[in-house]
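Student: Supplied in structure tokens, the structure appears directly below.
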Amino acid sequence: MLQQLLITIGAGVASAVFFYLPAKGSLFAFVLGLFASLPLLIVAFGYGVRSAVIAAAAGALLAAAMLDGWLAIAFLLSVAFPALVLGHMAARPSPDESALLRGLLCTIVAVTIALDFLGIFVIGSRYASFDAAIDDLASRFEPLISAVFARTGVPGGATAKEFSATLVLAMGPVMAAWGVFALALNCWIAGWVTLLSGRLARPWPDVARHLGLPRWTIMVFALLFALTLSTGAI
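Residue numbers for the sequence shown, in the working numbering: 757 to 990.
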């Protein structure tokens with residue numbers, strides 16, 4: 757029992773450290789930051805969601821004590837919450853491997869999109885309008901773009917400010933797609949680690965055969981795309 761508790765707390769601490777690493781600014785730190793949810797997922801798959809809650813609480817307390825209260829909230833929302841939801845889904849009895857994998861993938865996509873929109877809302881709430889937010893963020897990227905393309909010139913004949921604005925607009929969907937990939941990869945690695953440790957409570961599914969999205973998601977994506985066009989967001 758003590759060993760399990762120490763592993764659980766250690767996983768929460770490791771998750772919080774991985775969450776903070778991208779602030780260091782190096783490429784290696786950014787790559788490690790992609791695996792912030794991995795320790796929590798391993799605990800959720802191996803010891804259950806209750807242990808994962810303890811691990812998440814330990815990570816949040818560390819983030820609040822060593823960093824900032826707002827960063828602790830960001831850790832709970834962007835790292836702990838997806839891991840707990842996926843751990844709960846994986847723990848439920850489901851004889852249909854295809855349904856389980858589709859459910860996990862749908863949840864990963866939904867959670868990632870929700871977090872992406874939350875981030876956009878938080879950033880946008882600091883500005884008077886969406887255009888003002890784009891202009892300000894683009895102006896912050898403009899010196900960097902100018903320095904990068906100082907010799908070759910900005911692609912397409914655009915100005916540094918125009919290219920920066922396009923880059924800012926692309927950040928939302930790019931981050932959402934990257935978030936889906938990272939969370940799915942963490943889920944897969946956590947499953948394998950738990951399987952090798954002998955603590956995985958279910959047989960390993962045939963991922964290559966059963967992984968996919970339900971057909972109804974096509975209609976959802978089409979509806980959201982039409983809604984985006986109608987609101988003039990793109």
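Glycine included, each C-beta is placed from N, C-alpha and C at the ideal position.
(1) If you follow the alpha helix (DSSP H) that Leu941 is part of, which residue opens it and which one closes it?
(2) Express the C-alpha separation of Leu788 and Val976 in angstroms, rounding to a whole number.
(3) Going along the chain, which residues of its own chain have a beta-carbon closer than 6 Å to the beta-carbon of Val924, five neighbours each way excluded?
(4) Indicate the three-state DSSP secondary structure (helix, strand or coil) for Ala855 in the structure shown.
(5) Taking its Cβ as the centre, do 16 or more other Cβ atoms sit within 10 Å of Leu1034, making it buried, or is it exposed?
(6) Any heavy atom of the ligand GTP inside 7 Å of the beta-carbon of Asp824?
(7) Residues in its own chain within less than 7 Å of Ile990 by CB, not counting five upstream and five downstream?
(8) According to DSSP, is Ile990 helix, strand or coil?
(9) Does Ala957 come out as helix, strand or coil in the three-state DSSP assignment?
(10) What whole-angstrom Cβ distance do Ile798 and Ala946 have, given they're in contact under 8 Å?
(11) Going by C-alpha to C-alpha distance, which of Gly825, Phe801, Ala916 sits closest to Leu840?
(12) Please report how far the alpha carbon of Asp872 lies from the alpha carbon of Met931, in whole angstroms.
(13) Which residue marks the beginning of the alpha helix (DSSP H) containing Val910, and which one marks its end?
(14) On a CA-only basis, which of Ala906, Ala836, Ala772, Gly875 is nearest Cys943? Give me that one, please.
(15) What first and last residue would you give for the alpha helix (DSSP H) that runs through Met822?
(16) Assuming the contact rule is C-beta atoms closer than 8 Å, Leu857 and Pro970 should be a hit. Round their C-beta distance to whole Å, please.
(17) Please identify the residue among Leu833, Ser854, Ala888 whose C-alpha is closest to the C-alpha of Val867.
(18) At which residues does the alpha helix (DSSP H) containing Leu762 begin and terminate?
(19) Can you give the beta carbon distance from Thr950 to Leu941, rounded, assuming they're within the 8 Å contact cut?
Tutor: Inspection of the coordinates gives the following:
(1) 916-953
(2) 33 Å
(3) Ile890, Leu893, Ala894
(4) helix
(5) Residue 1034 lies beyond the residue range present for the chain, which begins at 757 and ends at 990; the question has no answer from this structure.
(6) Absence of the ligand GTP is noted for the structure shown, with no ligands found whatsoever.
(7) Caution is warranted here: a pLDDT of 49 is assigned to Ile990, below 50, making its placement in the model unreliable, and the coordinate value is therefore given only provisionally. Contacts found: Thr984.
(8) Below a pLDDT of 50, predicted positions are generally treated as unreliable, and Ile990, at 49, falls in that range; no measurement from the model is reported.
(9) coil
(10) 5 Å
(11) Phe801
(12) 7 Å
(13) Careful: Val910 lies outside any alpha helix (DSSP H) and carries neither H nor E.
(14) Ala836
(15) 805-822
(16) So it is not a contact: roughly 11 Å between Cβ atoms.
(17) Leu833
(18) 758-776
(19) No, Thr950 and Leu941 are not in contact; Cβ-Cβ is about 15 Å, not under 8 Å.
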